[in-house]
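What follows is a single structure, written as structure tokens, with notes after it.
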Amino acid sequence: MLDDSLIPQISSTPPSPPPTTSFPSSYNLFFPVLRRDKPSFVQLCQILNTLEQCFLETQRTVLWDTGPAIEVEEKEGTIADKKEAIEWLTKVVASSLEWMEDNEREEVLEKAAKCLATCCGKVATGAIIREWHFTTPLDSTPSITLRIRDSTFVDDNVGFKTWGSAYLLAKLIASGSSIPLTSLRSCPVMELGTGTGLVGLTCATLGCPRVVLTDYHPQVLSNAAYNIQLAQSLQTEILLHRLDWQEIAEGTDKAIDETFDIIVGADIVYEVVHTQWLPRVIDRYLKRNGVFYLLIPLRPTHSKEVELFEEKMSENGFVLIRCDEERGFDDFVGELKYRYYEWLRK
Ligand SMILES: C[S@@+](CC[C@H](N)C(=O)[O-])C[C@H]1O[C@@H](n2cnc3c(N)ncnc32)[C@H](O)[C@@H]1O
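In numbering that gives the first Met the number 0, the protein residues as written are 0 to 345.
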């Protein structure tokens, strides 16, 4: 169930699912020499469509938890071909394609430019739907799959994509090594700073009876709403609320009138103000004896925020009952160390 009044722009019908073919580490495409071969409009469109598929597939099939060896091997296979493709695309964009009709030329240029953008990384690419697979110890559902859309980059907001922390936390939860699965399947869960919603929707897929996803940015909320729709076959009650930590900390919010035994968060401590706001938010929404499950990256540039946050949580009376370090991967920053916490409210 979505709180529509709070989400101004829920997207319409979800697009058809991405192709399921996996990206070959080396694709055999013939790149015609433009002036010499004068490829037809149809020929060029075929090549450009295939290239775009290949680049998009590369992003979809990144294996976020492989060891560096497999990761590097896969990437090396594609980079050599990719370089040739980019050089050719650049020539297409620069060519006058004088043997074509104006409208054909325009279409080819547009396709080639889009293709170049697609292979320039996540920010330049448009929205993309990824499939996430997790294994679980549950007999009824030994594995789960979630389809999650990363939207296009908006303003300076970081909730448009799924971050490495969300993937790691979702994986820990699905494997039963984080929230005990019996508790998860009987208690409502709140997620703070949900972004694309991967963590909360994983809880829902595992049988959590009620999940409340929260974030503050309208477009991030809109994308999360879309991802809830992608998961709409679930029996769980999934709510989406606008919740701004600053407003809670300063007492100016229109409150969510509920407290939770379980609160989860991934990659939500990256500014000094967060270290002041979040303990108050958790204080407000976590029940006594409830646990806050948090996973954050240890970015070398943000060690002060992490230290401060740990201090503030202790000062606010939360008891750290578990703290582990994990290695993980993110498609923006590569391999990183992550810290996993369980904070108990006495
Ligand atoms: C780095 S992203 C992490 C998103 C998601 N949890 C993940 O790991 O993929 C941080 C998220 O916190 C949200 N956020 C930042 N400041 C916030 C605030 N003051 N109140 C609520 N959410 C906030 C952002 O909109 C964004 O979705």
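Even for Gly, the Cβ is constructed at its ideal location relative to N, Cα and C. Every value quoted in this text rests on a predicted model; they were computed, and no experiment measured them.
| message | Please state the DSSP three-state secondary structure of S221. | response | Taken through DSSP and simplified to helix, strand or coil, S221 comes out as helix.
| query | Taking 7 Å as the cut-off, does the CB of L242 come closer than this to any heavy atom belonging to ligand 1? | reply | Yes, ligand 1 has a heavy atom inside 7 Å of this Cβ.
| field | Through-space distance from V290 to L183, alpha-carbon basis | value | If you take the alpha carbons of L183 and V290, they lie about 12 Å apart.
| Helix, strand or coil: how does DSSP classify Y269 here? | Judged by DSSP in its simplified three-state form, Y269 adopts coil rather than helix or strand.
| query | CB E325 to CB Y340, shorter than 8 Å? | reply | If you check the CB distance, E325 and Y340 do not come in under 8 Å.
| Nearest neighbour of A112, chosen from I127, C207, W244, V92 [CA to CA] | The shortest C-alpha separation from A112 is found at V92.
| message | For ligand 1, I want to know if Y225 counts as a neighbour, meaning its beta carbon is within less than 7 Å of at least one of the ligand's heavy atoms. | response | No, ligand 1 has no heavy atom inside 7 Å of this Cβ.
| query | Should R347 and Y225 be called a contact, given that it needs their Cβ atoms to be closer than 8 Å? | reply | Residue 347 lies beyond the residue range present for the chain, which begins at 0 and ends at 345; the question has no answer from this structure.
| If we ignore side chains and look at the alpha-carbon of each, how far apart do F317 and L200 end up? | One Cα belongs to F317, the other to L200, and the distance between them is close to 26 Å.
| query | How long is the line joining the alpha carbons of L137 and T144, rounded to whole angstroms? | reply | Inter-residue distance for L137 and T144 is about 14 Å (C-alpha atoms, whole angstroms).
| For T300 and T89, the rounded distance between their alpha carbons | One C-alpha to the other measures close to 35 Å.
| What first and last residue would you give for the beta strand (DSSP E) that runs through C322? | Per DSSP, C322 belongs to the beta strand (DSSP E) from 317-329.
| For E349, which residues from the same chain have a beta carbon less than 6 Å from its beta carbon, with the 5 sequence-adjacent residues on both sides left out? | The first residue shown for the chain is 0 and the last is 345, placing residue 349 beyond what the model contains.
| task | Please decide whether D138 counts as near chain B, where near means a Cβ-Cβ distance under 8 Å. | result | The question asks about chain B, but that chain is absent: this structure has only one protein chain.
| field | Per DSSP, the bridge partner or partners of E334 | value | For E334, which the question treats as bridged, DSSP gives the partners F328.
| said: With a threshold of 7 Å (Cβ to nearest heavy atom), would T161 be considered close to ligand 1? | reply: Result yes, Cβ under 7 Å from ligand 1.
| query | Out of V272, R287, I281, V332, which has the shortest C-alpha to C-alpha gap to E306? | reply | Checked all of V272, R287, I281, V332; the closest Cα to E306 is V272.
| query | Can A169 and L197 be called in contact, C-beta distance under 8 Å? | reply | It is a contact, given that the beta carbons lie within the stated cut-off.
| query | Would G264 be called buried (16 or more neighbouring beta carbons within 10 Å of its own) or exposed? | reply | Under this definition G264 is a buried residue.
| According to the neighbour-count rule (16 or more other Cβ atoms, all chains shown, within 10 Å of its Cβ), is F159 buried or exposed? | Flag for F159 reads buried.
| said: In chain order, what are the residue ranges of uninterrupted beta strand (DSSP E) at least 3 long that sit wholly in the segment 177-233? | reply: Contiguous beta strand (DSSP E) elements confined to the segment 177-233 occur at 188-191, 209-214, taking only those with 3 or more residues.
| message | Our contact map puts R287 next to R344 with C-beta atoms below 8 Å; I'd like the distance itself, whole angstroms only. | response | Correct: roughly 6 Å between the Cβ atoms.
| request: Mind checking who P299 pairs with in its DSSP beta bridge? | output: The partner list for P299 (beta bridge, DSSP) is empty, contrary to what the question assumes.
| query | Among the residues of its own chain, which have a CB less than 7 Å from the CB of F40, if the five just before and after it don't count? | reply | In the same chain as F40, and ignoring 5 residues on each side of it, the C-beta atoms closer than 7 Å to its own belong to M99, E103, V107, in chain order.
| Do the CB positions of L43 and A84 come within less than 8 Å of each other? | By the CB criterion at 8 Å, L43 and A84 fall outside the cutoff.
| field | Rounded separation between E242 and G163 - CA only | value | Inspection of the sequence shows that residue 242 is occupied by Leu rather than by Glu. Per the coordinates, the alpha-carbon of L242 lies some 23 Å from the alpha-carbon of G163.
| request: Please work out which residues of its chain come closer than 6 Å, Cβ to Cβ, to F331, disregarding the five sequence neighbours upstream and downstream, and give them in chain order. | output: For F331, where only same-chain residues beyond five positions count, there are no Cβ hits under 6 Å.
| Stretch pair the segment 229-242 + the segment 207-218: three plus CB contacts closer than 8 Å | With a cut-off of 8 Å, the segment 207-218 and the segment 229-242 count as touching, because enough Cβ pairs lie within range.
| Ends of the beta strand (DSSP E) at D149? | For D149, the uninterrupted beta strand (DSSP E) run begins and ends at 142-149, by DSSP.
| query | Just to confirm, does S164 get its C-beta within under 7 Å of one of the non-hydrogen atoms of ligand 1? | reply | It does: the Cβ of S164 is within 7 Å (strictly closer) of some heavy atom of ligand 1.
| query | For ligand 1, is there a heavy atom less than 7 Å away from the beta-carbon of V219? | reply | In terms of side-chain proximity, the C-beta atom of V219 is found nearer than 7 Å to a non-hydrogen atom of ligand 1.
| query | Quick one: does the C-beta of T349 sit closer than 7 Å to a heavy atom of ligand 1? | reply | The requested residue 349 is not part of the displayed model; the chain covers only 0 to 345.
| field | Same chain only: Cβ atoms within 6 Å of M312, ignoring 5 sequence neighbours per side | value | So the qualifying residues of the chain are P278, W342.
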